[in-house]
C-alpha cells in the first residue's frame with residue numbers, strides 16, 4: 001500500500017463515482033491511447049507552438065500504434081484507473097534504463113483525464129506503479145499541478161533539467 005493508502009480495489013471520492021485500479025492488458029491499448037492523447041491535449045496543449053491538430057505528439061493514430069507495440073513487446077506494464085465511463089488514467093514504471101541511474105526505477109508515465117483530477121485516481125495509479133519505492137521521473141517545468149502532486153509524494157527536483165518534445169524544459173524529480 002502506498003502513501004495515499006490505496007490498494008488495487010474500488011475507490012470512492014466526493015468528486016466522481018467510484019473508480020477501480022487494475023493492471024492493464026493489451027485489450028486496453030486503444031483506450032489508453034485515447035486517454036494519453038486527450039490528457040496530453042488537456043495538459044500540454046497550451047504549451048506547444050505547433051498547431052495541436054497536426055502535431056505528432058497529439059496524434060491518436062500514432063499513440064494507438066505506440067500502445068499496441070508497447071503491449072506486444074512488453075515495454076510497459078501500466079495500471080489503469082477505470083470509472084463507470086471507462087479508463088480515466090494510467091501509470092507505468094520500469095526499471096531504470098541506465099545502469100548508473102540516480103534511482104532503480106523510473107516512473108515513465110502518469111496521466112489522468114482532467115475530469116478525474118482531484119479524485120484520487122492519480123494517487124492510486126502512483127501507488128500501484130511504485131508504492132513507496134525510490135524512483136525518479138521527468139516532469140514539465142511548466143506543469144505546476146504535477147510538480148505539486150509529486151512533491152506531496154516525496155519527489156524533489158535534483159537540479160537536473162532536460163528538454164522533451166513539445167513540453168520544452170523538464171525537471172528530473174527523485175525520491
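Residue numbers (the UniProt record's numbering): 1 to 175.
Even for Gly, the Cβ is constructed at its ideal location relative to N, Cα and C.
Item: Continuous beta strand (DSSP E) assignments of at least 3 residues falling wholly in the UniProt domain "N-acetyltransferase" (19-175); Value: 19-23, 79-83, 86-95, 105-112, 136-140, 156-164 and 168-174
Item: Counted within 10 angstroms of its Cβ, other Cβ atoms place residue 106 as buried (16 or more) or exposed; Value: buried
Item: Within 8 Å, strictly: CB atoms of residue 31 and residue 87; Value: yes
Item: Distance between residue 135 and residue 81 (C-alpha atoms, nearest Å); Value: 21 Å
Item: Residue 160 beta carbon less than 8 Å from that of residue 141; Value: no
Item: Residue 43 burial status per 10 Å Cβ neighbour count (16 or more: buried); Value: buried
Item: Contact between the region 108-122 and the region 88-97 (3+ Cβ pairs under 8 Å); Value: yes
Item: Residue 124 classed as buried or exposed, judged by whether at least 16 other C-beta atoms fall within 10 angstroms; Value: buried
Item: Residue 128 and residue 79 closer than 8 Å at C-beta; Value: yes
Item: Burial state of residue 119, where buried means 16 or more other Cβ atoms lie within 10 Å; Value: buried
Item: Burial state of residue 39, where buried means 16 or more other Cβ atoms lie within 10 Å; Value: buried
Item: Cβ neighbours of residue 156 in the same chain (closer than 8 Å, five flanking residues each side left out); Value: 173, 174 and 175
Item: Any non-hydrogen atom of the ligand ADP closer than 7 Å to residue 108 Cβ; Value: Looking at this structure, you won't find the ligand ADP or any other ligand, since it has none at all.
Item: Contact under 8 Å by Cβ, residue 68 with residue 29; Value: yes
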